[in-house]
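Colleague: Counting in this note's numbering, the sequence shown runs from 445 upward without gaps.
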Amino acid sequence: LGLGVEVIDALSSPAALKLKCDGTTALHLAMHHRHIRVAMDALCNPLDPEIHVSWDVVRLLMKKHPGAAREKDNHSETPLHLACRNRAPLDVVSPLLCCWPDAAKERDNEDRT
């Protein structure tokens with residue numbers, strides 16, 4: 445679909461952003477894959493590898509649901525784990541640390557911080 449961040453902003457409700465599907469939040473999906481299908485059931489459908497999510501979309505998701513920074517997925521990974529693995533820019537990493545400074549000490553299922 446290649447929708448702009450303003451369209452995603454208009455379509456995303458705060459309640460939907462708080463939902464998890466198989467232990468994964470919308471922020472985790474965007475950080476991990478940086479691909480997302482923009483549809484009503486985006487959280488539970490397979491990801492479409494042809495649609496790229498920009499860091500702007502990640503920033504938008506963090507702004508709309510900052511509590512997601514404290515969520516862990518099924519692998520015990522925080523959004524900070526995923527941001528670091530995907531070489532996120534500092535203006536993405538910084539708000540994650542501001543929301544939860546101790547996330548830097550959290551370990552995933554493979555004992556990585």
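For glycine and all other residues, C-beta sits at the position ideal for the given N, C-alpha and C. Every value quoted in this text rests on a predicted model; they were computed, and no experiment measured them.
1. Does the distance from the CB of Leu461 to the CB of Leu505 come in under 8 Å?
2. Relative to the alpha-carbon of His519, which residue among Ser456, Gly467, Ile452 and Gly448 has its alpha-carbon at the smallest distance?
3. In angstroms with no decimal places, state the Cα-to-Cα distance between Ile452 and Val501.
4. According to the Cβ coordinates, are Ala548 and Leu526 closer than 8 Å?
5. Mind reading off the beta-carbon distance from Met475 to Asn553? Whole number of angstroms is fine, and I expect it under 8 Å.
6. Can you tell me which of Ala454, Arg503 and Leu473 puts its alpha carbon nearest to the alpha carbon of Lys516?
7. Ordered along the chain, which non-local residues of its own chain (more than five positions away) have a Cβ less than 8 Å from that of Leu471?
8. Hey, could you find the ends of the alpha helix (DSSP H) Leu534 is sitting in?
Modeller: Walking through what the data contain:
1. yes
2. Gly467
3. 8 Å
4. no
5. Going by Cβ atoms, the distance from Met475 to Asn553 rounds to 17 Å, so no, they are not a contact pair.
6. Leu473
7. Leu461, Val502, Leu505, Met506, His509, Ala512, Ala513, Glu515 and Pro523
8. Leu534 to Cys543
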